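First residue of the sequence shown: -17, per the numbering used here; consecutive thereafter. This report refers to the structure that appears directly beneath it.
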Amino acid sequence: MGYPHSYYAATAHAAPPRPTLQGELTCDVCIIGAGYSGLSTALHLTENGYKVIVLEAESVGFGASGRNGGQIINGYSRDYDTILSCYGTDTANALLNMSFEGGDIIRARIEKYKIACDHRVGSFFAAFNKKQMDELERRKEVWEKSGNKSLEMYGAEKMPQVVDTTLYIGGLLDRRGGHIHPLNLALGEAVAIESLGGKIFENSRAVRIEKVSKPKVYTDKGSVTANYIVVCGNAYLGDTVPELTERIMSVSSQIVTTEVLGKELTKKMLPSGFCVEDCNFLLDYYRITADHRLLFGGGVVYSGTDPADIINRLQPHIAKTFPYLKDKKIDFAWSGNFALTLTRMPHIGRLSDTVYFIQGDSGHGVTTCHLLGKIIAEAINNQTTRFDIFSGMINFPFPGGRMFRVPLTALGAWYYAVREKLSI
Ligand SMILES: Cc1cc2nc3c(=O)[nH]c(=O)nc-3n(C[C@H](O)[C@H](O)[C@H](O)COP(=O)(O)OP(=O)(O)OC[C@H]3O[C@@H](n4cnc5c(N)ncnc54)[C@H](O)[C@@H]3O)c2cc1C
């Protein structure tokens, strides 16, 4: 199976043909899903000598990992103070100390495996108002205490160095963030896994798991018996493991890419080359691609459906940010799903002694999924300290069951968006 029509699919590196699983195989660890969570787990394990098989329902990076904004953003979907009030000082500090590692893992892999994925340094959080600036000041203070010394506040006078718009009053630059071509990162990681002896099967959807001491995964055409299974299907998991799906909600976000704008115009728009995400609850995020287009994402649909009118949804946001782009052609428009948890913190754990899972990045997963893959690999290797911290955070099922969880969550989001508009 291929990929949805996107800028990433159109500019992806050629991938080797990968087989469909046939017959009965065995391995140390079988991983379900070849997004960042599955690939990160697989690469950490193969680097440590484990025999790994990855089963992917479609193609490597088919899910959110091959469709996202490509922004390497540190931290989690919740800020430090919220995490502190929910989980206490020890957990909050432990999570904070781990929160810059995902980006370090990505950069180390790009370097080690020579992954060509248009990596650029620098992510910028843009503030519309004083309240958001105060929150960014607090973020800087907390992150600096935890060792991130790559941060700089920008006031209004410095904003022209970042972005050619009048929308923001300032923001926070993180030089430990940055951006990448997300699908090419995933494809490069897959090649790295295979170079170390790992096996990846595509068009091989796991349809059933037997959670016994030697767990077994079934696809339509074969099975894998392993010492451990790691489920990383996230928002695309469907009904394979219902006890996981009830704790997440599939949410879609949309992205467009303009026609090629050229070096001169894109340099005027974003002189520094940083990626930008604004501080709103329903945020816009954007950056310049390697071939000088604007890649612009924003909005969400609670239910994970693909809206038909992506261009009409996003073009007004582009025109508001860069009025002189209002007539530029949009070459690509696509949608992708991430998994939201009720707490907006990632959800990892064990379904049995031998079956692990990662899900619920809550839209903030480029770095987090790379970190969580490492943590699951550590747990399989009997180092559970960091796994215990993440898995100790309770993640509740969404209220309202299948029928009402979407409208209830949309209502909650609307409430926060209105508060934001009123600056309260
Ligand atoms: C439009 C969009 C923009 C985003 N932008 C950003 C961003 O800029 N920065 C950021 O930090 N985060 C961003 N995110 C979030 C980020 O992309 C995700 O957090 C991350 O990619 C999730 O990785 P994953 O491996 O957990 O899931 P996925 O990448 O979705 O991978 C899951 C994989 O599992 C496969 N699968 C599912 N079920 C089965 C099964 N039964 N058997 C076999 N395979 C199966 C799927 O086909 C899929 O390939 C964005 C998300 C979206 C949708």
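In this text, a Cβ means the ideal position worked out from N, Cα and C, and glycines have one as well. Treat the numbers as computed from the prediction; the structure is a model and nothing was measured.
Quick check: the Cα distance between residue i and residue j, rounded to an integer number of angstroms?
i	j	result
residue 281	residue 42	25 Å
residue 298	residue 149	14 Å
residue 340	residue 139	42 Å
residue 63	residue 128	14 Å
residue 410	residue 67	Outside the shown range of the chain, which is -17 to 406, sits residue 410, and nothing can be said about it.
residue 86	residue 225	32 Å
residue 84	residue 352	5 Å
residue 147	residue 323	33 Å
residue 257	residue 134	15 Å
residue 103	residue 205	42 Å
residue 302	residue 82	32 Å
residue 345	residue 326	9 Å
residue 288	residue 105	27 Å
residue 292	residue 249	26 Å
residue 265	residue 307	19 Å
residue -9	residue -15	6 Å
residue 370	residue 275	43 Å
If you count every other CB in all the chains shown that lies within 10 Å of the CB of residue i, and 16 or more means buried, which is it?
i	result
residue -12	buried
residue 328	buried
residue 190	exposed
residue 216	buried
residue 120	exposed
residue -5	exposed
residue 65	buried
residue 143	exposed
residue 376	exposed
residue 356	buried
residue 378	exposed
residue 334	exposed
Between the Cα of residue i and the Cα atoms of the options, which residue gives the shortest distance?
i	options	result
residue 202	224, 5 and 19	5
residue 485	181, 184 and 212	With the chain represented from -17 up to 406, any question about residue 485 goes unanswered, as that position is not in the structure.
residue 336	256, 357, 193 and 34	193
residue 44	60, 15, 34 and 243	15
residue 178	30, 291, 111 and 301	30
residue 155	249, 184, 125 and 183	125
residue 366	338, 380, 344 and 287	338
residue 88	77, 25 and 137	25
residue 101	370, 109, 13 and 92	92
residue -2	195, 182, 233 and 229	182
residue 11	35, 60, 188 and 231	35
residue 374	275, 72 and 56	72
residue 166	96, 107, 220 and 218	96
Are there any heavy atoms of ligand 2 lying less than 6 Å away from the beta-carbon of residue i, as far as the coordinates show?
i	result
residue 343	With respect to small molecules bound, the structure shown includes ligand 1 and not ligand 2.
TODO: Assess, as a yes-or-no matter, whether the stretch 42 to 59 is touched by the stretch 148 to 162 under the definition of 3 or more beta carbon pairs within less than 8 Å.
DONE: yes
- [ ] Taking 8 Å as the threshold, find out whether the stretch 164 to 180 comes into contact with the stretch 314 to 329 through three or more Cβ pairs.
- [x] no
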